[in-house]
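Chemist:
In mature numbering (1 follows the signal peptide of the UniProt record, and there is no 0), the protein residues as written are -22 to -1, 1 to 106.
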């Protein structure tokens, strides 16, 4: 159970504590901008209150995440921070304890994407 809580918390931190530079992307036309619901994760099952978890990525490379975790009695756990588009469908995000994480983003149309990293696995989202 602690591993599950750590993975969701780590993912929230991954998504929202990076260094940012608009020179590398992240402009108003970046397709990752929007509010996205977490629908799948390679490291754990999505179900129950975790289905309500979402991230919001804004222009200017800022964002926030809210996760609903069974281990926290489904009380929302929120965090905020920044993200960076490195180009070529690659994004850089950082976890304070683990360090910087880069991953590949694969978009499926305008309404879903998967974020794949070598350290945390994959996470799939659908646009709200």
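The beta-carbon is built from N, C-alpha and C at its ideal position, and this holds for glycine as well.
For residue 23, count neighbouring C-beta atoms within 10 Å of its own C-beta (all shown protein chains included) and say buried if the count is 16 or more, exposed if not.
Modeler: By the neighbour-count rule (16 or more Cβ atoms within 10 Å), residue 23 is not buried but exposed.
Chemist: Apart from the five residues on each side of it in sequence, which residues of its chain come closer than 6 Å, Cβ to Cβ, to residue -1?
Modeler: Unreliable placement is indicated for residue -1, whose pLDDT of 44 sits below 50; the coordinate value is still reported in the next sentence. For residue -1, where only same-chain residues beyond five positions count, there are no Cβ hits under 6 Å.
Chemist: If I follow the unbroken beta strand (DSSP E) through residue 19, where does it start and stop?
Modeler: Taken as a continuous stretch (DSSP letters only), the beta strand (DSSP E) holding residue 19 covers 12 to 19.
Chemist: Return yes when at least one heavy atom of the ligand ZN lies under 7 Å from the C-beta of residue 87, else no.
Modeler: Although the ligand ZN was asked about, the structure shown includes no ligands whatsoever.
Chemist: Compare the beta carbon distance of residue 32 and residue 53 with 8 Å and say whether it is the shorter of the two.
Modeler: Contact: no.
Chemist: Could you pull out every residue in the same chain whose Cβ sits closer than 6 Å to the Cβ of residue 181, ignoring the five residues on either side in sequence?
Modeler: Nothing can be reported for residue 181: it is not among the residues displayed for the chain, which extend from -22 to 106.
Chemist: How many angstroms separate the CA atom of residue 95 from the CA atom of residue 67?
Modeler: Computed Cα separation, rounded: 12 Å.
Chemist: Within 10 angstroms of its Cβ, does residue 101 collect 16 or more other Cβ (buried), or is it exposed?
Modeler: That one is buried.
Chemist: If we count the other Cβ atoms within 10 Å of its Cβ and call it buried at 16 or more, is residue 70 buried or exposed?
Modeler: Buried, because 16 or more other Cβ atoms sit within 10 Å of the Cβ of residue 70.
Chemist: Please work out which residues of its chain come closer than 7 Å, Cβ to Cβ, to residue 30, disregarding the five sequence neighbours upstream and downstream, and give them in chain order.
Modeler: Here the set comprises 46.
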